[in-house]
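Colleague: Got a structure here, written out as structure tokens. Questions coming.
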Amino acid sequence: MLSALIGDLTPRELRGKTAAVENVLERLSATIAAPIAGFLYVTNPSLAFTISIILVIIRAVIYLIFVKEPKIKEK
Numbered sequence: 027m028l029s030a031l032i033g034d035l036t037p038r039e040l041r042g043k044t045a046a047v048e049n050v051l052e053r054l055s056a057t058i059a060a061p062i063a064g065f066l067y068v069t070n071p072s073l074a075f076t077i078s079i080i081l082v083i084i085r086a087v088i089y090l091i092f093v094k095e096p097k098i099k100e101k
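Under this note's numbering, the first residue of the sequence shown carries the number 27, and numbering increases by one thereafter.
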């Protein structure tokens with residue numbers, strides 16, 4: 027979701043670095059989350075899905091509060 031806004035939210039000279047940082051953080055979180063999710067699924071499958079849903083809702087609320095799309099300039 028955030029990667030679609032990188033071009034609009036960052037200055038042209040920082041877009042590459044911003045995209046790289048976003049990708050590194052995404053891969054790092056996936057690497058950490060995979061074994062945790064696997065453990066939760068083995069322990070209690072419904073708990074793994076419940077925690078996942080809660081985290082998605084928290085992420086959506088954070089985006090809605092803090093990420094503001096820039097106003098489009100009419101030509």
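Cβ coordinates follow ideal geometry from the N, Cα and C atoms, glycine included.
Is the CB-CB distance between E14 and L40 below 9 Å?
Modeller: As displayed, the chain neither begins before 27 nor continues past 101, which places residue 14 out of reach and without an answer.
Colleague: If we ignore side chains and look at the alpha-carbon of each, how far apart do F75 and E52 end up?
Modeller: Reading the sequence shown from its first residue, position 49 is the one you call residue 75. Reading the sequence shown from its first residue, position 26 is the one you call residue 52. The alpha-carbon atoms of F75 and E52 are separated by roughly 19 Å.
Colleague: Which first and last residues belong to the alpha helix (DSSP H) in which A74 is found?
Modeller: Within the sequence shown, numbered from 1, the residue matching residue 74 stands at position 48. P71 to F92 is the extent of the alpha helix (DSSP H) around A74.
Colleague: For E48 and Y89, I'd like the C-alpha separation in whole angstroms.
Modeller: Along the sequence shown, read from residue 1 onward, the residue named residue 48 stands at position 22. Along the sequence shown, read from residue 1 onward, the residue named residue 89 stands at position 63. Approximately 15 Å between the Cα atoms of the pair.
Colleague: What is the DSSP secondary structure of P37, reduced to helix, strand or coil?
Modeller: Taking the sequence shown and counting its residues from 1, one reaches residue 37 at position 11. If DSSP states are grouped into helix, strand and coil, P37 belongs with coil.
Colleague: May I have the straight-line CA-CA distance separating N70 from I83, to the nearest angstrom?
Modeller: Numbered from its first residue, the sequence shown carries residue 70 at position 44. Numbered from its first residue, the sequence shown carries residue 83 at position 57. Between N70 and I83, the C-alpha separation is close to 21 Å.
Colleague: State the DSSP-derived secondary structure class of P61, mapped to helix, strand or coil.
Modeller: Taking the first residue of the sequence shown as 1, we reach residue 61 at position 35. Here P61 sits in helix by DSSP.
Colleague: Might you give, ordered along the chain, the residues of its own chain that have their beta carbon closer than 8 Å to the beta carbon of A45, omitting 5 neighbours on each side?
Modeller: If you number the sequence shown from 1, residue 45 lands on position 19. For A45, where only same-chain residues beyond five positions count, the Cβ hits under 8 Å are S29 and I32.
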